[in-house]
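A.B. asks: For the sequence shown, my numbering gives the first residue as 474, with consecutive numbering after it.
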Amino acid sequence: MTPPPTDKIEAETRLEIDAKLESASWVIQDKKAMNLYSGDQGVHGVVVRDTIIEIVEEKLNLISKLETEVEKQFGKAEKNKQSILASAFSGNLLELNP
Numbered sequence: 474m475t476p477p478p479t480d481k482i483e484a485e486t487r488l489e490i491d492a493k494l495e496s497a498s499w500v501i502q503d504k505k506a507m508n509l510y511s512g513d514q515g516v517h518g519v520v521v522r523d524t525i526i527e528i529v530e531e532k533l534n535l536i537s538k539l540e541t542e543v544e545k546q547f548g549k550a551e552k553n554k555q556s557i558l559a560s561a562f563s564g565n566l567l568e569l570n571p
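This is how it looks when you write it as C-alpha cells:
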C-alpha cells in the first residue's frame with residue numbers, strides 16, 4: 474500500500490483540527506479573506522475572555538491567600554484549645570470561692 478500524498482494528509486489533518494476548533498466556538502477563516510470581526514464577538518470576544526480570565530485568576534489568588542490564613546488561624550485556635558484544656562485538667566481554671 475502506498476502512503477497517501479502529503480497534501481492529502483495535511484488536508485485531512487486540517488479538517489480534523491478545524492472541526493475541533495469550531496466545536497470550541499472558534500471561527501475558521503481563510504488567511505486571504507480574514508475578518509477579525511466575524512462571529513458573535515469578533516476580536517472583542519478575545520479581550521472579554523482575557524479580562525474574565527484575569528478576574529478569575531485574581532479571585533483564585535485571593536481565595537488561596539485566605540485559605541492559608543484560615544489554616545494558620547485554625548492552628549492557633551487548636552493550640553489555644555489544647556492550652557486551655559491542659560490548664561483546666563490541672564485545676565488552674567477553677568474559680569476559688571473566698
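Note that CB positions come from ideal geometry on N, CA and C, so glycine has one too.
Quick caveat: nothing in here was measured; it's all calculated off a predicted structure.
In whole angstroms, what is the alpha-carbon distance linking I528 and E489?
C.D. replies: Within the sequence shown, residue 528 is the residue found at index 55, counting from 1. Within the sequence shown, residue 489 is the residue found at index 16, counting from 1. Roughly 33 Å separates the two Cα atoms.
A.B. asks: Can you tell me which of the three DSSP states G548 falls into?
C.D. replies: Mapped onto the sequence shown, residue 548 falls at position 75. It is helical.
A.B. asks: Skipping 5 residues on each side, what residues in its chain have a beta carbon closer than 6 Å to that of Q502?
C.D. replies: Here residue 502 refers to the residue found at position 29 when the sequence shown is read from its first residue. In its chain, beyond the 5 residues on either side, no residue has a beta carbon closer than 6 Å to the beta carbon of Q502.
A.B. asks: For A492, report the span of its alpha helix (DSSP H) as first-last.
C.D. replies: Reading the sequence shown from its first residue, position 19 is the one you call residue 492. First-last of the alpha helix (DSSP H) with A492: T479 to S496.
A.B. asks: Roughly how many angstroms lie between the CA atoms of E531 and K481, to the nearest whole one?
C.D. replies: Locating residue 531 in the sequence shown gives position 58, counting from the first residue. Locating residue 481 in the sequence shown gives position 8, counting from the first residue. Roughly 46 Å between the two C-alpha positions.
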